[in-house]
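Written out below as structure tokens is the structure these notes cover.
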Amino acid sequence: MRAPLIPGYYFKRPLAYAPALAAMEAWVAARVENRTGDAFFFLEHTPVITLGMRGRDEHVRIPAAQLEALGIDRVPSSRGGEVTLHAPGQLVIYPILKLSGAAASAGDHVHRLEELGIRIAADFGLTAFRRKGLTGIWTECGKLGAIGVRFRHWVSFHGLSLNIDLDLKLFDLIVPCGLAHEPVTSFRALLGDGSPSVETVRTRAMAHCEHIFGRTCVPRPLEDTWPAPTGSNA
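Its first residue numbered 285, the sequence shown is counted upward by one per residue in the numbering used here.
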């Protein structure tokens, strides 16, 4: 049976986190009520520190006034997990999927997100892996991708961030995911001038969705506005 076609929305500009979060919440509410269908969202965020449901203030290492001076937002998030950072040069993937049957497992969904990151890394010659007791995408040189998810009536949202080509010094502003002594890395740090662009990584991510999530992504470009969650998106 052919995997269902669903939109893979991608944005041409980085989006601020807070309005994107509000738009994602609205889409999830519509998906719970079957007023819209499944979708993937692929984007970059403007610089922001987000605090998940277990996020601790002390894991943000500088005060709000200094963050503001640096042009970095600080936003509480409805995702699971602790403190993380997003910025241009990092690909963020938000699968909004209604899970059912054998797929309705939080652990399996996280496993699929990890598998997505591992396969993308392999596409560019990188060996990435899971670590027992820790979520995310790991390499011998540090953490390449972070995962934070949530479910509402078995609709998944939030997802995976992959560090492609961003300033890794930004992670010094936080304790990433509550792990004080774990380094963070990126495709650029590992591959140098051979590092792919965010756009290239996004294309590979869409290609892997059919085998990992059982949905085929149909690319749909957007400027800077999250689409309204109405009607069919098949």
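Glycine is no exception: its CB is placed at the ideal position from the N, C-alpha and C atoms.
Only a predicted model underlies this, so the values are computations on that prediction, with no experimental measurement involved.
Exposed unless 16 or more other CB atoms sit within 10 angstroms - verdict on L440: Note that residue 440 is Ser in the sequence shown, not Leu. The residue is buried, with at least 16 neighbouring Cβ atoms inside 10 Å.
Identify every run of the beta strand (DSSP E) within the region 404-459, keeping only runs that are complete inside it and at least 3 residues long; order them along the chain. 413-415, 418-423, 426-436, 439-447
When the distance is taken between beta carbons, is P505 closer than 8 Å to W311? no
What does the Cβ neighbour count give for C425, buried or exposed, with the cut at 16 atoms within 10 Å? exposed
Whole alpha helix (DSSP H) elements within the region 297-322, 4-residue minimum: 301-316
Measure the beta-carbon distance from Y294 to P503 and round it to whole angstroms, keeping in mind my assumption that it falls under 8 Å. 6 Å
What's the C-alpha gap between T419 and D508? 30 Å
Straight-line CA distance for L289 to T320? 14 Å
Ordered along the chain, which non-local residues of its own chain (more than five positions away) have a Cβ less than 7 Å from that of A402? Sequence inspection shows Ile at residue 402; the Ala mentioned does not correspond to that position. So the qualifying residues of the chain are A412, F413, I421.
For a quick check, are the C-beta atoms of A595 and T500 less than 8 Å apart? Residue 595 falls outside the range modelled here, since the chain spans only 285 to 518, and no answer is possible.
Within a Cβ cutoff of 8 Å, which residues of the same chain sit near E352, ignoring the five residues on either side of it in sequence? none
A406 burial status per 10 Å Cβ neighbour count (16 or more: buried): exposed
Going by DSSP, what residue range makes up the alpha helix (DSSP H) through I496? 482-497
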